[in-house]
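Below is one structure, written out as structure tokens, with a few remarks after it.
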Amino acid sequence: MYYTFYSWTDGIVGSCANLAMGNSSWTHCHIEKLWKITDYCPPCDTLGLQVLLLERSINPPKLISVAQFLPEKAHSLQLEAFSVAIKKLDSEFPRPRLLFVGSCRNEADEKRLQNLKDPTVRLKVEEDVDFYKNVTYSFISFHFIF
């Protein structure tokens with residue numbers, strides 16, 4: 346009952362908006378369903394990404410996780426899954442690297458990042474995982490994509 350009332354009032358209030366922006370697919374679906382307002386896709390430069398080769402050899406293979414260091418991004422689950430996968434990897438294959446790229450807005454985010462770094466020793470992947478904090482898009486493009 347509470348959610349029904351909340352959705353109803355949220356829909357009325359939201360439908361009065363001239364412009365709404367969000368940063369996730371959940372928010373997009375929420376706005377589209379409840380508010381019934383026009384979709385807006387902000388322009389973004391994709392020219393640099395269009396020149397990428399779809400197949401190329403990368404040694405060692407890199408797994409890149411780009412997301413703000415927030416609880417809902419499940420970085421610790423990614424780290425544990427990587428640890429399990431790397432233990433099952435045949436020794437003839439090159440060991441992949443896991444790169445966490447994200448931003449820290451405040452002390453809570455900094456603590457969350459440190460809490461993500463700490464288990465790498467216990468999981469025996471400290472040599473296979475790198476953390477990049479508050480890097481620019483151009484840094485990401487140059488070091489990870491191209």
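Residue numbers (the working numbering): 346 to 491.
Here a beta-carbon is modelled for each residue, glycine too, at the ideal position from N, C-alpha and C.
Quick one: grab the DSSP three-state call for residue i.
{"i": "K478", "result": "strand"}
{"i": "D473", "result": "coil"}
{"i": "V396", "result": "coil"}
{"i": "P439", "result": "coil"}
{"i": "T391", "result": "coil"}
For the beta strand (DSSP E) that contains residue i, what are its first and last residues?
{"i": "L364", "result": "L364 -> no beta strand (DSSP E), and no H or E assigned at all."}
{"i": "R457", "result": "Run containing R457: none in the beta strand (DSSP E); it sits in the alpha helix (DSSP H), 452-462."}
{"i": "L443", "result": "442-447"}
{"i": "I409", "result": "407-411"}
Pop quiz: residue i and residue j are said to be a contact at Cβ under 8 Å. What is the actual Cβ separation, rounded to whole angstroms?
{"i": "L468", "j": "S428", "result": "4 Å"}
Flag this pair as yes or no: are the beta carbons of residue i and residue j separated by less than 8 Å?
{"i": "H488", "j": "L461", "result": "no"}
{"i": "F445", "j": "Y477", "result": "yes"}
{"i": "R442", "j": "L434", "result": "no"}
{"i": "P464", "j": "L422", "result": "no"}
{"i": "G447", "j": "V474", "result": "no"}
{"i": "S486", "j": "G367", "result": "no"}
{"i": "V470", "j": "I431", "result": "yes"}
{"i": "A365", "j": "I376", "result": "yes"}
Which two residues bound the contiguous alpha helix (DSSP H) that contains residue i?
{"i": "F427", "result": "420-433"}
{"i": "T372", "result": "370-375"}
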